[in-house]
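Okay, structure first, notes after.
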Amino acid sequence: MINTTYLSTLTNPSSLYRVEVPSFTHLRPNTQIVYLRGSVQYTYIYYEDGQVDLMSYSIKRLSALRPNLLRVHKGYAVNPAYIVNIRHANLRDTDLTVQLNNKQIIIPVSRRQAKVVISALRLSWAN
Numbered sequence: 001m002i003n004t005t006y007l008s009t010l011t012n013p014s015s016l017y018r019v020e021v022p023s024f025t026h027l028r029p030n031t032q033i034v035y036l037r038g039s040v041q042y043t044y045i046y047y048e049d050g051q052v053d054l055m056s057y058s059i060k061r062l063s064a065l066r067p068n069l070l071r072v073h074k075g076y077a078v079n080p081a082y083i084v085n086i087r088h089a090n091l092r093d094t095d096l097t098v099q100l101n102n103k104q105i106i107i108p109v110s111r112r113q114a115k116v117v118i119s120a121l122r123l124s125w126a127n
């Protein structure tokens with residue numbers, strides 16, 4: 001169960017992102033989250049500086065609490081600020097390229113989300 005302090009920090013995009021694990025707690029700015037990768041009931045949080053945290057919450061729960069993240073696949077949610085390229089050959093063959101440090105990571109886009117993702121990115125890149 002998520003405590004209310006943790007929930008309030010997750011729902012306020014301008015606040016710090018609080019990561020709590022039984023052995024430690026630390027805070028990070030929201031803008032440092034590059035993407036989330038889900039694995040059953042766990043989620044890996046990838047940060048701009050290359051660090052990775054493992055949370056015992058599903059990607060569905062964490063991405064629902066983070067309005068600035070774009071859910072692109074069953075197992076991925078991406079911060080649109082870090083997307084450097086989108087390859088869209090057809091609905092079955094779409095992926096995003098995310099810049100993390102000096103590496104580029106390719107993240108798949110599900111065929112059901114392809115149109116939504118492309119239209120969302122067009123709007124964010126137009127601004």
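Going by the UniProt record's numbering, the sequence shown opens with residue 1, and the numbers climb by one from there. Ideal placement from N, C-alpha and C gives every residue a C-beta, glycine not left out. From a predicted model like this one, the values you see are computed outputs, not experimental measurements.
- DSSP assignment within the UniProt domain "HTH LytTR-type" (33-123) yields the following whole beta strand (DSSP E) runs of 3 residues or more, N-terminal first: 33-39, 42-47, 52-55, 70-73, 76-78, 83-90, 93-100, 103-108.
- For the options K103, R87, K74, the alpha carbon positioned closest to that of R112 is the one of K74.
- CA-CA distance, I106 to V78, rounds to 11 Å.
- Rounded to the nearest whole angstrom, the CA to CA distance from E48 to I33 is 6 Å.
- One thing to note: R71 has its Cβ within 9 Å of the Cβ of S63.
- Around the beta carbon of A114, 16 or more other beta carbons sit within 10 angstroms, so the residue counts as buried.
- Comparing alpha carbon positions, the residue from I118, P67, L54 closest to R87 is I118.
- Counting only the Cα atoms, S56 lies some 11 Å from I45.
- Rounded to whole angstroms, the Cβ separation of R37 and Y76 is 6 Å, and the two are in contact under 8 Å.
- Comparing alpha-carbon positions, the option among V52, N85, Y35, V84 lying closest to L69 turns out to be Y35.
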